[in-house]
Every structure is written in structure tokens, then in C-alpha cells.
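Only one structure is covered here, and it is reproduced in the block below.
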Amino acid sequence: MKSFFTVFLIGILMITTTSEKLLAQVNQIPNNGFENWDAGLAYDNPTDWDSPNESLMGIPGNSTYVVFEETDSVYSGNAAVMLESKDILVLTSIVSVPGFITLGDFTFNMITQEFDISGGTPFTGTPDKLQGFYNYAPVSSDNCLIEVLLLNYDVVNNIILDTIGVGLFTGNSATSGWEPFEAVITYNSTVMPNYMNINILSSDPNNIQAGSKLYVDELSFFTASTAGSDILSFDIPLQTGPSAIDGNAYTVDVVMPAGTDITNLIPTITISTGATITPASGVAQNFTAPLTYTVTSSGGTTQAWLVTVTVAAEPELFISEYIEGSSNNKAMEIYNPKSTAVNLDDYIIGQAVDGGGWQYYHSFPSGAVLNSNEVWVIITDQVDANLFAASNADEVLGYPSVVHFNGNDARSLSKLDGNDTIIVDIFGEPNNDPGTGWEVAGVANGTSEHTLQRKATVTTGNLDWAASFGTSASNSEWIVSAQDDFSDLGFFNFGGNIPPVISGTILTPALVTPTDTVVVSASISDPDGTISQVTLTWGLDGINFLNTLALSSVLGVYSSYPNSIPAHALGTEVFYKFEAIDDDNDTTVLVQSYIVENAPTNISIYDIQGQTAISPYEGQTVMTTGIVTGLLPGSYPAYYIQDGTGAWNGLYVFDSNTPTIGDEITITGEIIEYYDLTEMKNLTSYTVNSSGNALPEPVLLTTGALSDEAYETVFIRVENATCTNDDAGYGNWEIDDGSGPILVHNNDSYTYAQALGENYNVQGVLNFYYNWRIELRINGDVTIYSDIDPVNNTAFRMYPNPVTSTLNITGNQNISKISIFNILGEQMLQNQPEKNIVNIDVDGLTSGVYFLKVENENGTTSTKKFIKE
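In terms of the working numbering, the sequence shown opens at residue 14 and continues consecutively.
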């Protein structure tokens, strides 16, 4: 996403290494070793340096910062600075912010939402270079930047009169530890500077990658006392990255793209002032073998430099598109970036199902060939012909197949090399089931019910699936599009421009009623450049958008506020269109709509469930109120609410709010059926009415009675159930009271150390996730079963069990109440004997399993199960 760090780097890109012979140190950099730190309210800044930390502290609810004191990883002394690029939540948008420090003043205007760097530190001198030590751990293709500016500065009017000199260092790969760096300064004027500023960033400001970390220590200036015999830069057109120049070993290494003919390359060479070089700069050379260049200083000394040019290995095939559409509208696309055709007999696709590892493999048709810069398309035989014609696919497969996947099924592309199988691209984690799907480009469940297209800037596969998926639209290798988008299947724009990305549209209010005016917002960014223009228009037919709303932009979020779409009558569908144009003149258009509805009325959970497997409110937005009975935190947070005791009174809420068990909440959201589980999601309102409320009593059931839709997401309890499997996979274990098994799930809320063969009382919320299971919530949900009352150490005996007609009960105290319940929790009999020996006639009960609940005279209760024959 667009960052505000776009105006700081005014120098030219020049990566050089200068020999350290005959150099004298001129150290005029405040706190150059980062030993001194000023404590802030919730963060620290290195003394004499400024950073975004203070501005980030001003964002409501934010506790994330990008500059830190490092004491465990230093080059020398007791401290260094660590900069980390991060994604920051600003209002409703995720904004990418690099780790950044400056010797100037960093300011943020909360009213205009503008950022500024001014000033610096007094400085006089003309050093040759800024150098120091750095340790870099980039994410994906990120670059760190270190810039020095020597200025003619009007201190009184706070104006830069002239930029005298500029030096810039960029690091584009991970270091193996602390390494030296140099930023050679290029001078544009003979005027002596009076001010200096240094800016250090952990990310390229045009390609910020959250998670990139840069450590810096021991900055200093150096000035050469005499002219040297050094190569300062060595550039060949189209080289893959900056040349590696080693001023100690006197070597230059250059890498050219795969397939490059290196027999006739023309380098451009920069050398020390006053020096000469043989062969000369700009003269074509054959680099099939290392070539020696000789640099002669102005004083007549010579130095031989060995220049080696290598050709990069051919890139590998990669997955260029993945479509997890509705029903079995599913497809994959493979792209060949090589300069030559490949035989697909040498490749296979690995398949993982529900985190079970690489279990199956797909082989391509024998003898199949994929030409250079072409794609191979695989679809299911059930793809809607209106979406994609089967005749345009290379493979059309029936079930089961490599493309019959869900969003939680990983895939890989591997190359066969003799007896070795070498993975060259990976999609998802084979040994982990994320649930619904993995997050991609900041989109939750991005691999589920979406189309994913590899960005045109991707040149080869990626073995780090998490880095490939990324955390935002800017650092992901993928563009996430709507479900059933087959528009680009069969084409891959390799090396082309990437159009703007429009995501995260927000309506305010989210649920529009006839009295509401609507503010529209969206996050808009350009992954390979900048946004030039954004327009927002609206209309009522989805074709004509005659009304324009002026937009404001804050950190990549474009909003119509304070302008809004006017109120409309009940049932009106209003269409709105964002159109974004980038600096490459690529255009992206997004059309969406909303329907004006009545404000929702509060509907009971019992009515939402509708006493059927499919809620009668499926697809509708409703309001309901309930008490929170359990939490299910983790990557896909949810909670359970209940507004009564017994069947059909529970509801699963898929939502990132964090209530507390016992809260009574009123929420508004959409009712959906997700794999046969009735749930509410896409909340538009959330209110905590009160806290500390008593929970509904758990329904006492047998384990065999729990596989029942009526008790879905209801607070339930089973007693005297034996652990019959202490590891059923994925945190599940199994219990059985003789009526049939049920799973118990150790989750992020609570985990119990179960033992095979032990008898337990278990309570929790009944959930459905491929199988019925009890979700544990808190300590105490699992207890070891005992006939002895845990409070008063009293007990009762009952016999016979099984029983035909008379059930005998003997207690250690007088029994004040006896109740019998069936497995549905319905009370079948109640007696108040007020004595310790009781005989109950159960002849009228039908055969089956029942629960006997005994309450003693002091109010304590105990429950046992019996079987009526």
C-alpha cells in the first residue's frame, strides 16, 4: 500500500566501495554508535535522531513502533539501532511503514495528514563517503537504504538553499552478520556545506515489505588524503542487480540475466578522481572468462582489478494462477518463464489435503511440452462453460484431481532430477490445516473462494509460501480477486505493468436504511508504482454513473468524507464505481452496490436456528442478543452466544471482537451456513450490554446424543465418560459414556492433559468442524469423574443399574429432591422425599439412558446415569 515515505530520497543510486588506503576519519555524526537513547511515553528514540515512533503513538489504539534499541546484536559498544518495517492499522486501512530514522526533524500534521522532514545537524566538510556497519534481514525482494545529504541550509527561514552532495547505499540481500557499507558522496557544487542530514530506512519506500529488519552501528565519515586507484562503479546494461565491488580483494562481480550473450558487453566504469583505466570504460569486451582491468592513480601507482561476469541460472516454472471458485469451478495455471520450452514429463504437482502432507502427486500427460513464456491450464470437468471453455484448457479432470481443492489444501510444483524430487514453487503449508484458508495479501481466507493471480513482477517460484502470500497487497506476490473470476486464465503478463489494486471498500454505515446517507472508502495502491488519479461515481442502474463524489486521501485510503451518497427509498440498489489510474496509465475499475434495507429487529437465537439444519435467515442481516458462553481465539477468531437453555439456543459468531465469557452482547451481522454450521459473520454492529452475567445451565446429555443439530453451539455437559482415544489428531481426543463417542477439542482457549482410560466429566460448547466436538473453554471444563460429591464428601448409591421397575437410592444425608432427565435434557420425574432411603418407580419410562440428579438437604447435588431396560 502507498506509504508516505516517498519524498526523502533525493540522491542518485550509486553503490560503491572505495579502498581504505590513506583515509583519515572525520567523525562529526551525533550519536554515531547509537549508544544513547531517549525514553518516550511508549517507545525509545536514539538521542539526536528522530523517527515515526512519536507519530505512530498518535494513531488511536496503536501500540506498534518501527525503531528500537538493540543491545543483544551490536557491532561494537553496548547498543545499536534496529529498524523494522511494519503494517500499521490506521483507521480501517493497513498502511505499510518502513523502519526509519533521520538526523532531521520528522513531523506529522494531524489536521492535513501530511508528513515532513526538515533540518538536520550543523556540519562543515566535504567527506568522500559515509560508512559504517549494517546487518540486514529483508523480506522478499526488499532493499534497505542509507542516505546522506550535505546541504547549504538557511537556518533562520528553515529553507534548503542547495543540495551540495548526496551519497546513497542500498542493500538488496540478506547479510550473514555485520558487514561494512559505504555511501560514496557525489558533489554538485563547490560551496562548503553548513548542514548535513542522514536518513536510514529498512525498506525501499516504493516496495515496503513488512518484517524487513535493518541493524546499523558505528557510522562515520571518511575523507581520502590522496586520489586512489579504485573502481567505484561498474555497470553493464540489463544486469540483474548492483555489481559486487570488493575494495580489499580488488574484484568486481556482475550477474547478467539468464540467456545473456556475454561475448560482447559494454561496461560503464567510474574510477577514482584523476585515475585512468585499461581497458577503457565504454569499450565492448568478451567476458566469457574473468577479465583484468588496470587502474592507474594520478600518482602513477597501479592496481589490477579482476572482473567476473556470470549468467544467472534459468528461472523455474511457477504457479501463475489459482482459482477456488464456487462449487467445482476450480483451476490452476502453470507458467514457463524460461527462454526455452520444457518437457512436463520432468515436473509433477504435489497435493496436500487438510494439512496431511504431500499425499498425492499429479503427473502431466506423457510427452506434454510447455513452450517459453506460455501457460498450462488445468480445470475441473465441472467448470461452468460461461466462465471458461473446456476447449481452452490443457487438462480437464474429473473428481478426484489436483484441481479439486479447497482453500486449505496446499499445492507444490516439483522438478524431477534423476531420483530427486526438487520443489520449485509452493502454495500453502502442506503439514498444517489453516481451517478455511490461508491469508493472502492481507485478505483473510484468501485461498478460499477467491481467484489468485501471480503478479507480473514475479520471475520464478518461491519456496517460502508465507513470504509469497505476504501480509499486504504491496508485499504479496499475489493479487486476490473475486470468486469465479476466470477472466485472465490462460494468460500471464510476465514482466508487464501491474494495474492499481482496489481493496477494503467500506460503507459508513455498513447497513444502509432509508434515512442514511453513505460515505464510501477504499484502500487503493499500485504495487509497481504510484497512483495518479482516483475517481468515485455512483448511479442507480449499474451502467450510468452520472454522480461524482470528491475524494480525500490519507495514507492510501481514499474516502468521500464529508461527501456522501444521499438517502434512498427502501429496496433501492445503489451502485458505486471506483476508477484508479497509475503512473503507467494502467486503469482498474471496481463496481459494487448496496441495497437500502429496513433497520434489523432483534431476533432470538432460537428463531435464527429455526429448528432446522439450514437457518431460515440464511443470507440475511439480522440483530440478536445473547450471553457469551465461550471463546475460540486463534487465526480465525470466533465466540459463542446463547439466549436460553437447551436445544436450538446457541450461535457461532465469526468475529474478531474480544468479548468476555458472561458478557451480554447485541450484534448485527449476516447469517450463513458454513459447512453445515449456522453462524453469524460480517458484523455491522457490536454492543456489550452488561458483563459478569450467569451463564445458561449446561444441558446434561450422553455422548451419543451430541451428534445432533439441535445442540449445535449450545453449552452442554457429559458425565462419567471414558477417554477412548487420547489423540484423535488436530488437538482432538475422544470420550464415550457407552452411548457412542464424541470428540473433545483442546484449543487456544484451554487445553487439558487427558489420559487414556480415565473417566471424565466434560462441559463446553458443542461445535461442528468436519465432526461434532466439544470445545473446551476454561479451567474446570474437564474434571475426573467421581461418585463422591467434591464439596461435602457425601455420596449416594443407586441400584440396580440397569433397572427394570424400581430404582433404589441410598444417601449419606437426607435427600430433599430427586429428578430424572432423558438424554434430551427433558425432566421426566421429580420427587421430594426428605429422607435418605428412597425407592423410585421407573416402570413407566421407556427403555433408554437417563440421568438421576439427587439434591441433598444442604443444597448440594450429584448426578449419575442409569439405563432403563
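Every residue gets a Cβ at the ideal spot worked out from N, C-alpha and C, and that includes glycine.
Asked                                                                                                                                                                  : Found
Identify the continuous alpha helix (DSSP H) that holds MET70 and give its terminal residues.                                                                          : 66-70
Is the segment 492-499 touching the segment 454-471 in the sense that three or more CB pairs, one from each, lie closer than 8 Å?                                      : yes
Do three or more CB pairs link the segment 135-142 to the segment 212-232 at distances below 8 Å?                                                                      : no
Give me the Cα-Cα distance between LYS590 and LYS99, rounded to the nearest whole angstrom.                                                                            : 30 Å
Could you have a look at ILE718 and say whether DSSP puts it in helix, strand or coil?                                                                                 : Correcting the residue type first, residue 718 is Ala in the shown sequence and not Ile. If DSSP states are grouped into helix, strand and coil, ALA718 belongs with the helices.
Taking its Cβ as the centre, do 16 or more other Cβ atoms sit within 10 Å of PRO378, making it buried, or is it exposed?                                               : exposed
Can you give, in chain order, each stretch of the beta strand (DSSP E) that sits fully within the segment 687-774 and has at least 3 residues?                         : 690-703, 728-742, 745-749 and 754-758
Tell me the rounded alpha-carbon separation between ALA741 and ASP794.                                                                                                 : 19 Å
Give the DSSP-derived three-state secondary structure of ILE362 in the structure shown.                                                                                : strand
Where DSSP assigns a beta bridge to ARG790, which residues make up the other side?                                                                                     : Its beta-bridge partners do not exist; DSSP assigns none.
For LEU163, collect the residues of the same chain with a Cβ closer than 6 Å to its Cβ; drop the 5 residues on either side in sequence, then sort them by chain order. : ILE177, GLY178, PRO206 and MET209
Would the segment 414-431 and the segment 337-348 be scored as touching if the rule is three or more Cβ pairs under 8 Å?                                               : yes
How about VAL778 and GLY663: are their beta carbons less than 9 Å apart?                                                                                               : yes
From the DSSP output, in three-state form, read off TRP785 for me.                                                                                                     : strand
DSSP three-state call for ALA651: helix, strand or coil?                                                                                                               : strand
Could you give the residue range of the beta strand (DSSP E) that holds TRP62?                                                                                         : Note, TRP62: premise wrong, no beta strand (DSSP E); not H, not E.
Exposed or buried, what is THR716 when buried is set at 16 or more other beta-carbons lying within 10 Å of its beta-carbon?                                            : buried
Mapping DSSP to helix, strand and coil, what is ASP597?                                                                                                                : coil
I'd like the span of the beta strand (DSSP E) that includes ASP620, first residue to last.                                                                             : Not the beta strand (DSSP E): ASP620 falls in the alpha helix (DSSP H), residues 618-622.
If we count the other Cβ atoms within 10 Å of its Cβ and call it buried at 16 or more, is ILE748 buried or exposed?                                                    : buried
Any contact of the segment 184-197 with the segment 145-154, i.e. 3+ C-beta pairs under 8 Å?                                                                           : yes
Please tell me whether VAL390 and ASP407 are closer than 9 Å, where the distance is taken between their beta carbons.                                                  : yes
For LEU895, which three-state DSSP category applies?                                                                                                                   : Residue 895 cannot be examined here, being either before or after the span of the chain that is shown, 14 to 882.
ILE674 to GLN655, Cα distance in whole Å?                                                                                                                              : 11 Å
By Cβ distance, which residues of its chain are closer than 8 Å to ASN615, with the 5 residues on each side in sequence left out?                                      : MET636, THR637, THR638 and THR679
Going by C-alpha to C-alpha distance, which of SER487, GLY569 and ALA326 sits closest to GLY455?                                                                       : SER487
Cα separation between GLN38 and ASN299?                                                                                                                                : For GLN38, the predicted model reports a pLDDT of 31, less than 50, meaning its position is unreliable; a value from the coordinates is still stated below. So the alpha carbons of these two residues sit roughly 40 Å apart.
Within a Cβ cutoff of 7 Å, which residues of the same chain sit near SER489, ignoring the five residues on either side of it in sequence?                              : VAL453, ALA454, PHE482 and GLY483
I need the straight-line Cα distance from LEU278 to THR309, nearest angstrom please.                                                                                   : 23 Å
Of the residues SER536, PRO447 and GLU442, which one's Cα is nearest the Cα of SER109?                                                                                 : SER536
Could you compute how far the alpha carbon of ASP438 sits from the alpha carbon of ILE332?                                                                             : 7 Å
Residues in the same chain with beta-carbon distance under 6 Å from SER669, minus the five sequence neighbours each way, listed in chain order, please.                : PRO650
Near THR817, which residues of its chain fall below 6 Å by C-beta distance, leaving aside the five closest residues on each side in sequence?                          : GLU882
Who are the near neighbours of ILE876 in its chain, counting only those whose CB is closer than 8 Å to its CB and skipping five residues on each side?                 : For the record, residue 876 in the displayed sequence is Thr; it is not Ile. Only LEU713, GLU732, PHE864, LEU865, LYS866 and VAL867 meet the Cβ criterion.
Note down the Cα distance separating PRO292 from ASN45, rounded to an integer number of angstroms.                                                                     : 40 Å
Taking just the CA atoms, how far does GLU847 sit from SER752?                                                                                                         : 33 Å
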